[in-house]
Every structure is written in C-alpha cells, then in structure tokens.
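First up is the structure itself, then whatever we jot down about it.
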Amino acid sequence: MHAIAVTRPGGPEVLEWREVPDPRPAPGEVLIEVAAAGLNRADLLQRQGHYPPPPGASEFPGMECSGVVAEVGEDVEGFRAGDEVCALLAGGGYAEKVPVPWEQVLPVPEGVSLVEAAALPEVACTVWSNVFMVGRLRRGETLLVHGGASGIGTFALQLAKAFGSRVVVTAGSADKIARCLELGADEAVNYREEDFAEKVTADVILDIIGAKYLARNISALATGGRLVVIGLQGGAKGDLDLGRLLAKRASIHATALRTRSVAEKGVIVRGVRDNVWPLVGAGSVRPIVHAVIPMADAAHAHRVLESGEHIGKVLLVR
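No gaps in the numbering here: position 247 of the sequence shown is 247 in the UniProt record's numbering, and each next residue is one more.
In structure tokens:
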C-alpha cells in the first residue's frame, strides 16, 4: 500500500507519499481500506517532531479515518468485511489501509457520506468526552468554546445546542464569527478586538489555548464552573489564582485522547454511538468540511490547516 511518511521533523515538505508494507489486522482489530482521513493539529505537532505516536501505534500520521472494512481479525464484535465505517485512531490514517481496534470503530451515521464521515471520529469523541463526560454540561447551562470555527469548535457548538445549552464562541474574523452564528452559537466574541472574560460567564469552558487564557478563563467561569483544557496553543505554564478558583468552587481538568487505552477509548466511542450518532443521523449535528484534498498532497493540506483560515475540518481523500 501507500502511506504518508514523515521523513524527518520539519515543515510540510517532509511529508512523502511512499510505498510501504501492507498491514494485517491483529486479534481484536479490523483492517479499514481508507476512503478519507481527517486532519488534526496533533498531526502538525507529530510532523514537527513534538508529538510522537504512542508506543505500538502506527508511525504514519492520522488520528481519524473513514472507509470500508477490508478484513476482520479474531475476536472482533459487531463488524464484518464490507461495512462502511469511521474510526478513532492512535495513528495511521494517512494511508490506504489501517488496522484499528474494533472498540474504536463506528458505523457511518445515517445521512453522512463515506468521505464526510472522516471529519467525525476525533471531534465527536473529543467533544463528548470533554464537554459532557468531564465537563458535565447540562441543559440550560452556558458553554464557552475557544476556537469556535475549528473542527472541534463547530462540532461542540452544534452538539451543545442540540442538548439544550447556551453557547458562546471565540473566533478571530468576521467570517468565522458569522459562520459560528449560522451554526447556532448564541454569541460570538472576536478575540482580536474584545476580551471574552469581560463579556462571558460560562458554566463549562472548552479551551484549546492553555496558559495564555488561564487567568481569563478563571475570570469567565461561573460559580461551580468547569474549565476543560484540551490544547496548549498558548503555552503550557501559567499563573493560577487558587483563591479565585476556591471562591468560585470551580475546577480545572486537562485531558488528552490519543494516549488513552483501548478500553478507555471504547467507553467514549460507545457514548458517542449512543448519544451523538442519533443527532448526526437526524441532521441536528453535522460535519463541517472546509476542504477535501488528495492524500498524496498532504503537504498542501497541512499548509491549509496551519494558515488558520479554515472553518471546520480539512480532509484527505484517496
């Protein structure tokens, strides 16, 4: 088969479409013939040498894909050859085939094309596990989503609205703000022009920035609020006013998805299938795709993602 290899740490030019040995499914795995793969910022970090795959995972980038089950290993439940699926991966999505534990595989939701489905696994599992399982967002509460026009942001705002919450997003341009409002956000703050902490009080904050926003996130939390940090685009170390956190009876959680065990991911995937997939199938929540780019041109796709001008997901297709 062919796959995108990272030839050395560096810029997009280090990505190379090359012939590699065909994988086989181990017991408990299905082999997916990939139709499309979703891009994530973690892929950029891996390419730069800052985020190696977990032990035992594929060395090729790609944390989500869609495709058709080509082969089923021993001890697999619920899937057979020919099934159209999408999957949460620890790596290997930028390839023509990828083996994945069956617990991390999902059927393609009703009303979603096989290619579009590649935009779903990572964002759906990230949002469900962090906003709802960790953040415990409830109907009528307010969710603040940083990076509202991103793949995670566009999914989070739709899902929270579908569950009856009020949603505020931050974004960095008029076009992105307009799109977030079209998707159902109740309010959008241009972070280049306004301080969100002066405008928003939120019960749950989904944060991709980290240290740069830490103090302002604490300011924006409501009493009993929950800050969930899933990214460190603004740095890893910041000053925390514990007195303010204590006075608000608030909490901070920091999570990562890629390095969790198969069993932990399986719990999240089952939660997505039971609670999120029906909403996707009904059209209440849908994947937002910015661009579809040939997999062999992954370098161009990385440049699109790095530009920060996209709204929703960037996909690679076979």
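Where is the CB? At the ideal position from N, CA and C, for every residue including glycine.
Residue burial classification, residue i (beta-carbon count within 10 angstroms, cutoff 16)
{"i": "T170", "result": "buried"}
{"i": "L157", "result": "buried"}
{"i": "H310", "result": "buried"}
{"i": "R138", "result": "exposed"}
{"i": "M1", "result": "exposed"}
{"i": "residue 374", "result": "Here the chain comprises residues numbered 1 to 318, so residue 374 is not present and cannot be evaluated."}
{"i": "A119", "result": "buried"}
{"i": "D22", "result": "exposed"}
{"i": "T126", "result": "buried"}
{"i": "P52", "result": "exposed"}
{"i": "L214", "result": "buried"}
{"i": "K199", "result": "exposed"}
{"i": "G308", "result": "exposed"}
{"i": "H146", "result": "buried"}
{"i": "P54", "result": "exposed"}
{"i": "L183", "result": "buried"}
{"i": "residue 336", "result": "An answer regarding residue 336 cannot be provided, because it is not within the stretch 1 to 318 covered by the chain."}
The alpha helix (DSSP H) enclosing residue i, as first and last residue numbers
{"i": "V230", "result": "Before going further, note that residue 230 is Ile rather than Val in the sequence given. Neither: I230 is in no alpha helix (DSSP H) and is coded neither H nor E."}
{"i": "I293", "result": "Premise fails: I293 lies in the beta strand (DSSP E), 289-294, not in any alpha helix (DSSP H)."}
{"i": "L246", "result": "242-247"}
{"i": "P27", "result": "Neither: P27 is in no alpha helix (DSSP H) and is coded neither H nor E."}
{"i": "W277", "result": "277-281"}
{"i": "H300", "result": "298-307"}
{"i": "N217", "result": "214-220"}
{"i": "I177", "result": "174-182"}
{"i": "A254", "result": "From DSSP, A254 is part of no alpha helix (DSSP H) but of the beta strand (DSSP E) over 251-254."}
Cβ shell of residue i (< 6 Å), same chain only, five flanking positions each side left out
{"i": "V167", "result": "L143, L157, A160, K161, A185, D186"}
{"i": "residue 319", "result": "Limits of the chain in this structure are 1 at one end and 318 at the other, which puts residue 319 out of reach."}
{"i": "I205", "result": "L144, N217, L227"}
{"i": "L232", "result": "G210"}
{"i": "L15", "result": "I4, A298, A299"}
{"i": "I252", "result": "L227"}
N-terminal and C-terminal residue of the beta strand (DSSP E) that residue i is part of
{"i": "S66", "result": "64-72"}
{"i": "K97", "result": "97-101"}
{"i": "P9", "result": "From DSSP, P9 is part of no beta strand (DSSP E); its letter is neither H nor E."}
{"i": "R166", "result": "166-171"}
{"i": "L131", "result": "As written in the sequence, residue 131 is Val, which differs from the Leu given in the question. Segment: none, V131 is in no beta strand (DSSP E) and carries neither H nor E."}
{"i": "T154", "result": "From DSSP, T154 is part of no beta strand (DSSP E) but of the alpha helix (DSSP H) over 151-162."}
{"i": "P107", "result": "105-107"}
{"i": "E84", "result": "84-88"}
Sequence-distant residues of its chain with Cβ nearer than 8 Å to residue i (five each side left out)
{"i": "A26", "result": "G73, P99"}
{"i": "E77", "result": "W102"}
{"i": "C180", "result": "G148, A149, G153, T154, L157, V169, A171, A188"}
Neighbourhood of residue i by C-beta distance below 7 Å, restricted to the same chain and skipping five residues each side
{"i": "A70", "result": "L31, I32, E33, A81, K97"}
{"i": "L44", "result": "H302, L305, E306"}
{"i": "R8", "result": "V14"}
{"i": "V289", "result": "E116, A119, G312, K313, L315"}
Which residues DSSP lists as bridging residue i, in chain order
{"i": "K313", "result": "V289"}
{"i": "I4", "result": "W17"}
{"i": "E198", "result": "Answer by DSSP bridge pairing: none, since E198 is not bridged."}
{"i": "V123", "result": "Note: V123 sits in no beta bridge, so no partner."}
{"i": "V267", "result": "According to DSSP, which records beta bridges pairwise, V267 is partnered with nothing at all."}
{"i": "G38", "result": "L315"}
{"i": "V189", "result": "T170"}
{"i": "L143", "result": "V167, V204"}
{"i": "E33", "result": "V68, K97"}
{"i": "H226", "result": "Strictly speaking, residue 226 in this sequence is Arg, with His absent from that position. DSSP output for R226 lists V204, S251 as bridge partner(s)."}
The ligand ZN heavy atom lying under 7 Å from the CB of residue i
{"i": "L144", "result": "Looking for the ligand ZN in the displayed structure turns up nothing, as the structure carries no ligands at all."}
Open item on the list: Counting beta carbon pairs with one atom in the stretch 284-295 and one in the stretch 262-271, are three or more of them shorter than 8 Å?
Closed with: Pairwise C-beta distances place the stretch 262-271 out of contact with the stretch 284-295, as fewer than three of them are shorter than 8 Å.
TODO: Taking 8 Å as the threshold, find out whether the stretch 237-252 comes into contact with the stretch 207-227 through three or more Cβ pairs.
DONE: Yes, they touch.
Task: Cβ contact check for the stretch 126-137 and the stretch 106-116: 3 or more pairs under 8 Å - done: With a cut-off of 8 Å, the stretch 106-116 and the stretch 126-137 do not count as touching, because too few Cβ pairs lie within range.
Task: Validate contact between the stretch 174-182 and the stretch 111-118 using beta carbons, cut 8 Å, 3 pairs - done: Touching, no.
- [ ] State whether the stretch 232-242 contacts the stretch 255-266, with contact taken as three or more CB pairs (one from each stretch) at a distance under 8 Å.
- [x] The answer is no - the stretch 255-266 does not touch the stretch 232-242, with fewer than three Cβ pairs under 8 Å.
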